[in-house]
Each structure stands twice: as C-alpha cells, then as structure tokens.
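Take any residue in the sequence shown, count from 1 to its spot, add 15: that is its number in the UniProt record's numbering.
Since the structure comes first, as structure tokens, the remarks are kept for the end.
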Amino acid sequence: AVSIQLIQCGKTFANGAQALQPIELAIQPGETVVLLGPSGCGKTTTLRLIAGLEFPDAGGQVLFGGEDVTALPIEKRGVGMVFQNYALFPNMTVGENIAYGLKIRKMPAAQRQAKIEMLLEMVHLQGLSHRRIDQLSGGQKQRVALARALAVEPKVLLLDEPLTALDAKLRETLRADLNQLLRKLGITAIYVTHDQGEAMALGDRVVVMERGRIAQIGSPQDIYYRPASHFVADFIGTMNRVTGRVHDGYLRFAGGMLPFAATSPAPAATLMFRPEDVEVVADGVAGANMQGAVLSTFFLGDRTRLVIDIGAEQPVIVETGRRASWRAGEPIALRVAEHALLHFNHGAAA
Ligand code: ADP
Ligand code: MG
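Take a look at the structure:
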C-alpha cells in the first residue's frame, strides 16, 4: 500500500471560485481516510486532486509513496474510482464491465475470466457475470462498480459518495461489507461522504471539512468526543447547547447551572454536551444541575430520546437506555458530568 501526501494543495477554478484553500494532508499506507463535510465544502475537489482529474494551484504538490505525481494524469497514478452514480457501461454485462480495464491492459481471456470470478466473489455477486447492468438493483450496481475499480489492482481506491443513492437499509449492509473489504485488502482508500454515520463507521481517520478548509483531522472518537471547533461539534452527531451568564465558576441559566471552568472573556457563554452524557436523576436528588419539563419522547428501540424544556431558547435532548415512560409536561431533573461539557472560545476548544 502507498502513502499519500497533499502539500499546500489549493484549487481555484477558472471562474475564480476558490473551492479549496491550500491544505496539508498525510495519509498512511493502507489507511482508510474519510473526507466529511456539508455539500460544497470541497470534498470532491480534494478527491479529484488526488485522482489526477484536477491539478492543484501553483505551489501545490501531490505525493504517492513520497513520489511527486502532481503533474501525472489519472491513468498514470494507479487509482481506482467509485462514484455515486455508478458510471457503468449500461449495454455491457457485469463481467464485461469488470474486465474493461483488464482488456485494455491485454490480459488473456482465460486469466480475465478467473479474475472476474474472484472479484465477483469478493463483492458478493457470485454467478452474475452475464447479467446486464440494467437488470441490477442499485446496490448490485455499486458492487459491480467497486469490483471494476479493484480489477486493475490500483494502489489507491477513491470513493465519492458511493452509497448516497441507495436506501437506508442497503446503505448499512454495503457499508459493513465495504468496511470488511477495505480492511482485508489493506489498500489506501479515501472515501468522500456528507454522512457522519458513514464517516464514523468506515474511517480510520476522518477529515472534517468546512468551506474549503480542514476543520479537524482525527479518529472517529477524536472528532466525536473532542471536536476542535463549534462547527465540528455541531456537524457530528447531536449536540446540546446551553447559553447563560458566567458567574463564580458556573454557567447560570433559567433551568439551572453547570460548572464552567474556563475563563470567559464575555459575561455570557455557551456550553455543549452530548445527549448520552445527560443523566436523568430522581427529582430533588442532590447532584442534579438542570431542571425542566418533558416536551416529548421518542422511543428508538434500543434507547429513548427525551426532549426537555429547561426554559432556555433551546430544549435539551437526553438519551437514556433505560425503559422510560415519561408523560409530556412531567417535571424532570438532569445531571451532566463536568467532563462531558465542551466550551468553545472564538471557534476553538478552550
Ligand atoms: P463537495 O464535494 O464537498 O460537495 P466540491 O468539491 O464539489 O464540494 O465543490 C466545492 C466548491 O467548488 C463548490 O462551491 C463548487 O460549486 C465549486 N466547484 C466545484 N467544481 C467546480 C468547477 N469545475 N468549476 C467551478 N466551481 C466548482
Ligand atoms: Mg461532492
């Protein structure tokens, strides 16, 4: 497997749109890195720079295994690509699609056939070699696209929102299969998505992008539990947010007070915390630091989500694993552990 390095890679398009500020990114051999962010933040542009479908602005460099490939076009980089819209040849069979690149490389027919069978097994499509593309489901098409990308044994696998067009259940199955396959192959892979669940499930590391910049690079745990900015905290998962006045080491607000260790330059501040870090305590018990009333409850099967009005602008969302049978309007007391509280000063963690 090969390492990838982007050095001061920016991209300004001919129309003057700066899709990417100069970024630095180092990807280890065999690593799966997910580029995550809202639509338009520069994920596809970054992927296309790595692929050799776009070239960086002057001064930018792309290295594969330490070698400068900045000026090489896609066919000289040894990359395989999978797109959201499959990009398969519709009038060819599954086998013909997969073998397309092998034929160009003049691999003998018998060898090609064996390779097709091997790849079909790898993506769980055994026996479908002669099926026409238009007779496949979306999930099957994406498996063919993956097999085709892997057929030429690329050094790097690039995937741009490959599961976005599929329905939720199928997305989950393919995500799990893809996860296993990437680990098994040990190939360096870069996966673009706007779906944070997908990013967490697939990435060894996740690169969170915001308006053409890298907002944070870290393990899924890092970006979930130690978000580097307000933006990352908000974008990944559900985040509660309570605003109040800072006084005597506490943030005070209508529904209670929370420990506030940081020194705030302003009299008002905001704390953030995850729903699963809020504990429901029996009313009146010491240790509760917020009080409110139940607005609504959502039974999610494995857990219950409570929406609680604490008299602030925004309700607090609580997730509890316990069987909960709360009625709307019922009073409730909550505790958030101090270690779960996040505070951001001017966009940076404090
Ligand atoms: P993402 O994949 O995260 O949705 P893109 O990398 O596709 O974002 O696009 C980033 C920004 O660059 C967007 O504002 C987009 O409109 C712009 N952009 C992308 N490709 C081009 C292009 N070929 N010409 C001009 N602007 C582009
Ligand atoms: Mg995109």
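In this text, a Cβ means the ideal position worked out from N, Cα and C, and glycines have one as well.
- Annotation for Gln211: Leu51, Phe250, Ile251, Gly252 place their beta carbon closer than 8 Å to its own, counting only its chain and skipping 5 residues before and after.
- DSSP links Ala343 through a beta bridge to no other residue.
- Uninterrupted beta strand (DSSP E) stretches at least 3 residues long and entirely within the region 227–273 occur at 228–233, 255–262, 265–268, given in chain order.
- Only exposed fits Lys121, as fewer than 16 other CB atoms lie within 10 angstroms of its CB.
- Remark: fewer than three beta-carbon pairs, one from each stretch, lie closer than 8 Å, so the region 127–146 and the region 69–89 are not flagged as touching.
- Under the DSSP definition of a beta bridge, Ile19 partners with Ile42, Phe79.
- In its chain, beyond the 5 residues on either side, Leu197, Ala204, Tyr206, Leu217, Gly218, Asp219 have a beta carbon closer than 7 Å to the beta carbon of Thr47.
- The C-beta separation of Lys26 from Glu82 comes to about 21 Å, leaving the pair out of contact by the 8 Å criterion.
- Contact fails between the region 84–99 and the region 35–47, because fewer than three Cβ pairs, one in each stretch, are under 8 Å apart.
- The Cβ neighbour count for Phe314, taken over all protein chains shown within 10 Å, is under 16; the residue is labelled exposed.
- Lys170 is a Cβ neighbour of Val17, given a cutoff of 8 Å.
- If only uninterrupted beta strand (DSSP E) runs of at least 3 residues are considered, none is enclosed by the region 106–148.
- A distance below 6 Å between beta-carbons, with the five flanking residues on each side excluded, links Ala41 to the following residues of its chain, in chain order: Gln20.
- Looking at the backbone, the Cα of Trp341 and that of Glu291 are separated by about 17 Å.
- Following the DSSP letters along the chain, one finds Leu178 in no beta strand (DSSP E), marked with neither H nor E.
- Taking all protein chains in view, the Cβ of Met305 is crowded by 16 or more other Cβ atoms within 10 Å, so the residue is classified as buried.
- Of the residues Thr312, Gly336, Arg318, the one whose Cα lies closest to the Cα of Pro330 is Thr312.
- About 5 Å separates the Cβ atoms of Arg350 and Ala303, confirming a contact at the 8 Å cut-off.
- Take the alpha-carbon of Thr188 and the one of Glu168: they are about 24 Å apart.
- Rounded to whole angstroms, the Cβ separation of Cys56 and Gly233 is 17 Å, and the two are not in contact under 8 Å.
- The three-state reading of DSSP puts Ala301 in coil, since its state is none of H, G, I, E or B.
- By the neighbour-count definition (other C-beta atoms within 10 Å, threshold 16), Phe28 is an exposed residue.
- One Cα belongs to His209, the other to Thr278, and the distance between them is close to 35 Å.
- Here the alpha carbons of Arg146 and Gln99 stand approximately 21 Å from one another.
- Between the ligand MG and Lys58, a heavy atom-to-CB distance of less than 7 Å is present.
- At least one heavy atom of the ligand MG falls within 7 Å of the beta-carbon of Glu176.
- Counting other Cβ atoms within 10 Å of its Cβ, Ala230 reaches 16 or more and is therefore classed as buried.
- At a Cβ-Cβ threshold of 8 Å, Val97 and Leu161 count as neighbours.
- Between Val221 and Pro242, the gap from beta carbon to beta carbon reaches 8 Å or more.
- Excluding the 5 residues flanking it on each side, Glu353 has same chain C-beta neighbours closer than 6 Å at Pro274, in chain order.
- At a threshold of 7 Å, Val207 counts as near the ligand MG, since its beta carbon sits closer than that to one of the ligand's heavy atoms.
- Residue environment for Lys58: buried (at least 16 other C-beta atoms within 10 angstroms of its C-beta).
- Judged by their CB atoms, Met254 and Met287 are nearer to each other than the 8 Å cut-off.
- If you check the CB distance, His139 and Asp192 come in under 8 Å.
- Distance from the CA of Phe268 to the CA of Arg318, rounded to the nearest whole angstrom, comes to 28 Å.
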